[in-house]
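Novice:
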Ligand code: ADP
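Numbering (my numbering), first residue to last: 175 to 654.
1. By the 10 Å Cβ neighbour count, where 16 or more other Cβ atoms means buried, how is residue 207 classified, buried or exposed?
2. Excluding the five sequence neighbours on either side, which residues of its own chain have a C-beta within less than 6 Å of the C-beta of residue 493, listed in chain order?
3. How about the segment 192 to 206 and the segment 389 to 404: do they share at least three Cβ pairs that are nearer than 8 Å?
4. For residue 437, I'd like the list of residues in its chain whose CB is within less than 6 Å of its CB, leaving aside the five on either flank, ordered along the chain.
5. Would you list the one or two residues that DSSP bridges to residue 639?
6. Grab me the residues of residue 229's own chain with a C-beta within less than 7 Å of its C-beta, minus the 5 sequence neighbours each way, in chain order.
7. Please classify residue 196: does DSSP put it in a helix, a strand, or coil?
8. What residue from 255, 277, 252, 256 has the CA that sits closest to residue 264's CA?
9. Check residue 187 in the structure and name its three-state DSSP category.
10. List the endpoints of the continuous beta strand (DSSP E) containing residue 266.
11. When you compare the CB positions of residue 343 and residue 641, do they come within less than 8 Å of one another, or not?
12. Going by the DSSP bridge assignment, what does residue 310 pair with across the sheet?
13. Roughly how many angstroms separate the alpha carbons of residue 443 and residue 566, rounded to a whole number?
14. Is residue 432 helix, strand or coil by DSSP?
15. Counting along the chain, where does the beta strand (DSSP E) carrying residue 566 start and finish?
16. Fully enclosed by the segment 481 to 551, which alpha helix (DSSP H) runs are 4 residues long or longer?
17. State the Cα-Cα distance for the pair residue 614 and residue 441, rounded to the nearest angstrom.
18. In chain order, what are the residues with a CB under 5 Å from some non-hydrogen atom of ligand 1?
19. If distances are taken between C-alpha atoms only, which option among 519, 558, 531, 532 comes closest to residue 551?
20. Can you look up residue 622 in the DSSP assignment and give me helix, strand or coil?
21. Keeping to the same chain, check which residues put their C-beta closer than 7 Å to that of residue 598; ignore five residues upstream and five downstream.
22. Spatial neighbours of residue 288 within its chain, please: CB distance less than 6 Å, with the 5 preceding and 5 following residues excluded, ordered by chain position.
23. Could you tell me the alpha carbon to alpha carbon distance between residue 219 and residue 191, rounded to whole angstroms?
24. Counting Cβ pairs closer than 8 Å, one from the segment 428 to 436 and one from the segment 569 to 589, do we hit at least three?
25. To the nearest angstrom, how far is the alpha carbon of residue 568 from that of residue 468?
26. For residue 354 and residue 383, which I take to be in contact (beta-carbon distance under 8 Å), what is that distance rounded to the nearest angstrom?
27. Since residue 522 and residue 489 are thought to touch, with beta carbons under 8 Å apart, how far apart are those beta carbons, to the nearest angstrom?
28. Beta-carbon separation of residue 525 and residue 546 under 8 Å?
29. How far does the alpha helix (DSSP H) with residue 556 in it reach, from first residue to last?
30. Need the endpoints of the beta strand (DSSP E) that residue 321 sits in, please.
31. Taking C-alpha atoms, which residue in 496, 378, 310 lies nearest to residue 226?
32. Can you give me the start and stop residues for the beta strand (DSSP E) that residue 209 sits inside?
33. For the alpha helix (DSSP H) holding residue 290, just list the boundary residues, first then last.
34. Give the DSSP-derived three-state secondary structure of residue 298 in the structure shown.
35. Just the Cα atoms here: how many angstroms apart are residue 237 and residue 345?
36. In the structure shown, what three-state DSSP assignment does residue 604 receive?
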């Protein structure tokens with residue numbers, strides 16, 4: 175068992191070595207503003223070295239049997255589960271979310287490593303009847319090669335685990351860059367990967383604040399064959415364009431603008447609970463969070479009152495404190511965006527049912543907020559707020575709400591509550607989203623395909639489809 179101090183690392187991990195570096199940057203606790211640890215900034219040549227290490231490790235990792243790789247991944251999974259409490263504490267320290275949620279994230283991330291360990295053994299090929307006499311057609315799946323990952327601060331452990339589980343099971347090696355705001359969870363996973371027996375060079379973790387340069391090193395490299403990115407739409411588009419020069423395979427998990435629809439036949443109590451779970455998890459800082467809550471006119475007022483009553487009782491505090499529902503926002507920029515969105519909604523005629531201001535605790539804490547009678551022209555309707563703000567919109571009927579819900583360039587997650595079966599199927603099929611939650615606010619798990627349509631992204635993570643993102647088809651024609 176490793177201690178917290180042994181899991182708290184302060185430099186990049188490349189080719190099985192913890193690199194040293196003169197230049198440091200601070201990783202701060204968003205609850206207190208205090209520095210947790212200073213981390214060594216990776217240098218440009220070291221990033222290239224990490225890509226080279228992944229290339230060197232590729233041949234022997236690919237050559238192993240899937241069963242062999244699965245055994246190592248399973249050991250890694252078990253070590254993560256064993257250390258879940260310490261990993262959750264590190265996650266809360268750097269990211270701010272309540273520690274119970276942090277533990278949920280650790281176990282959620284681990285579940286992808288377990289799933290892909292199993293699924294890697296089932297990367298079946300195909301035999302196709304040939305149109306030519308005497309010929310045989312075989313199709314096999316091969317790993318794409320060296321992969322590069324860039325991940326965000328809102329799920330600093332699970333986004334890395336989700337990508338690495340699939341890539342390693344497929345037989346790929348990787349270089350990863352976690353967000354500079356939250357590199358500690360990713361580095362802690364490397365301690366456990368090494369202990370599990372992941373060979374040196376198979377995973378390389380590079381940490382630094384100059385994300386644009388690191389991203390360019392990844393996209394310009396001829397060695398890197400695949401980019402997988404989770405983060406903002408703007409950066410995702412840039413990486414997509416940058417990857418064109420070497421025609422890389424790409425997966426993008428970008429922004430969302432999730433509608434959460436409550437029809438008048440819904441179980442209202444369940445919908446209120448669902449809206450809270452969907453909206454306020456991680457203080458509203460997730461790409462699948464309800465961003466726009468649409469309520470049918472007949473139940474609008476009673477839903478709004480019930481929701482505001484419950485939201486007012488949520489406890490805002492340091493995530494390490496027992497019973498905390500909502501921790502701090504990640505930084506000043508995040509706080510400012512929430513304030514701008516609320517003011518803009520008010521300017522467009524909305525009213526505040528609860529919250530609306532910075533929390534009395536000060537710092538990066540913000541009151542959970544419910545806004546009523548929000549205009550479809552307000553910023554909260556068009557952009558991701560990424561904060562604890564629930565804007566309520568009113569709708570008349572199915573056609574009206576489907577038109578409003580689909581009126582966005584995003585298409586990641588969507589949710590609705592209803593009981594009528596014919597309505598349920600129709601609405602689920604008409605929503606232009608990669609994921610639809612019906613009478614449930616939480617849709618992510620390791621066995622289902624996570625991903626978006628429209629400008630929310632390309633590709634899927636998790637599930638049997640997630641493995642394919644890291645494999646290429648090779649067709650072999652045998653004559654005679
Ligand atoms: P967020 O709003 O969640 O911070 P970003 O897209 O800015 O979303 O960040 C997600 C990840 O992308 C982080 O690891 C960040 O450091 C990285 N990143 C930011 N800008 C760039 C860039 N120009 N090129 C490559 N990576 C970047």
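In this text, a Cβ means the ideal position worked out from N, Cα and C, and glycines have one as well. Please read these numbers as outputs of a predicted model, since none were measured by experiment.
Specialist: So, to answer that:
1. Here residue 207 refers to the residue found at position 33 when the chain shown is read from its first residue. It is exposed - the Cβ of residue 207 has fewer than 16 other Cβ atoms within 10 Å.
2. Taking the first residue of the chain shown as 1, we reach residue 493 at position 319. Take residue 493, set aside five residues on each side of it, and the residues of its chain with a beta-carbon closer than 6 Å to its own are 266, 270, 271, 272, 273, 501, in chain order.
3. Put simply, the segment 192 to 206 does not touch the segment 389 to 404. Fewer than three CB pairs are less than 8 Å apart.
4. In the chain shown, the residue the question calls residue 437 occupies position 263. 470, 592, listed in sequence order.
5. Translated into the one-based positions of the chain shown, residue 639 becomes position 465. Residue 639 has no beta-bridge partner at all, per DSSP.
6. The residue you call residue 229 lines up with position 55 of the chain shown. 320, 397, listed in sequence order.
7. Taking the chain shown and counting its residues from 1, the one referred to as residue 196 is at position 22. In the displayed model, residue 196 falls within coil according to three-state DSSP, outside both helix and strand.
8. Here residue 264 corresponds to residue number 90 of the chain shown, with the count starting at 1. The shortest C-alpha to C-alpha distance from residue 264 to any of 255, 277, 252, 256 is the one to 277.
9. Looking up residue 187 in the chain shown gives position 13. It is a strand residue.
10. Taking the chain shown and counting its residues from 1, one reaches residue 266 at position 92. In the DSSP assignment, residue 266 falls outside any beta strand (DSSP E) and within the unbroken alpha helix (DSSP H) covering 258 to 269.
11. Here residue 343 corresponds to residue number 169 of the chain shown, with the count starting at 1. Here residue 641 corresponds to residue number 467 of the chain shown, with the count starting at 1. It is a contact, given that the beta carbons lie within the stated cut-off.
12. Start at 1 with the first residue of the chain shown, and residue 310 comes out as number 136. Per DSSP, 652.
13. In the chain shown, residue 443 corresponds to position 269, counting from 1. In the chain shown, residue 566 corresponds to position 392, counting from 1. Our two residues, residue 443 and residue 566, have alpha carbons roughly 16 Å apart in a direct line.
14. For this step, residue 432 is matched to residue 258 along the chain shown. It is a strand residue.
15. Start at 1 with the first residue of the chain shown, and residue 566 comes out as number 392. Membership of residue 566 in the beta strand (DSSP E) is indicated by the continuous run 563 to 569.
16. With a minimum length of 4 residues, the continuous alpha helix (DSSP H) runs that stay inside the segment 481 to 551 are 506 to 521.
17. Along the chain shown, one-based indexing puts residue 614 at 440. Along the chain shown, one-based indexing puts residue 441 at 267. Near 11 Å, if we compare the C-alpha coordinates of residue 441 and residue 614.
18. Cβ-based neighbours of ligand 1 within the cut-off: 324, 326, 353, 385, 386, 389, 405, 406, 409.
19. Here residue 551 is taken as the residue at index 377 of the chain shown, counted from 1. The residue with the shortest Cα to Cα distance from residue 551 is 519.
20. The count along the chain shown starts at 1 and reaches residue 622 at position 448. Looking at residue 622 - three-state DSSP - the assignment turns out to be coil, as it is neither helix nor strand.
21. Taking the chain shown and counting its residues from 1, the one referred to as residue 598 is at position 424. Listed in chain order, the non-local C-beta contacts of residue 598 below 7 Å within the same chain comprise 592, 612, local neighbours out to five positions each way being set aside.
22. What you label residue 288 is simply residue 114 of the chain shown in a count that begins at 1. Excluding positions up to five away in sequence, the list reads 251.
23. What you label residue 219 is simply residue 45 of the chain shown in a count that begins at 1. What you label residue 191 is simply residue 17 of the chain shown in a count that begins at 1. When only Cα atoms are considered, residue 219 and residue 191 end up about 15 Å apart.
24. Touching, yes, given that three or more Cβ pairs across the two stretches are closer than 8 Å.
25. Indexing the chain shown from 1 puts residue 568 at position 394. Indexing the chain shown from 1 puts residue 468 at position 294. Cα to Cα, residue 568 sits roughly 6 Å from residue 468.
26. Locating residue 354 in the chain shown gives position 180, where the first residue counts as 1. Locating residue 383 in the chain shown gives position 209, where the first residue counts as 1. Contact flag correct, Cβ pair sits at about 4 Å.
27. What you label residue 522 is simply residue 348 of the chain shown in a count that begins at 1. What you label residue 489 is simply residue 315 of the chain shown in a count that begins at 1. That pair is no contact at about 30 Å.
28. Position 351 of the chain shown holds residue 525. Position 372 of the chain shown holds residue 546. In contact: residue 525 and residue 546 (Cβ atoms closer than 8 Å).
29. For the purposes of this step, residue 556 is identified with residue 382 of the chain shown, where counting begins at 1. Where residue 556 is concerned, the enclosing alpha helix (DSSP H) starts and stops at 553 to 556.
30. Along the chain shown, read from residue 1 onward, the residue named residue 321 stands at position 147. Boundaries of the beta strand (DSSP E) around residue 321: 320 to 324.
31. In the chain shown, the residue the question calls residue 226 occupies position 52. Answer by Cα proximity: 378.
32. If you number the chain shown from 1, residue 209 lands on position 35. That run of the beta strand (DSSP E) goes 209 to 214.
33. The count along the chain shown starts at 1 and reaches residue 290 at position 116. Unbroken alpha helix (DSSP H) run through residue 290: 273 to 293.
34. Taking the first residue of the chain shown as 1, we reach residue 298 at position 124. Residue state for residue 298 is assigned as coil, using DSSP reduced to three classes.
35. Taking the chain shown and counting its residues from 1, the one referred to as residue 237 is at position 63. Taking the chain shown and counting its residues from 1, the one referred to as residue 345 is at position 171. If you take the alpha carbons of residue 237 and residue 345, they lie about 8 Å apart.
36. Counting from 1 along the chain shown, the entry for residue 604 is found at position 430. Residue state for residue 604 is assigned as helix, using DSSP reduced to three classes.
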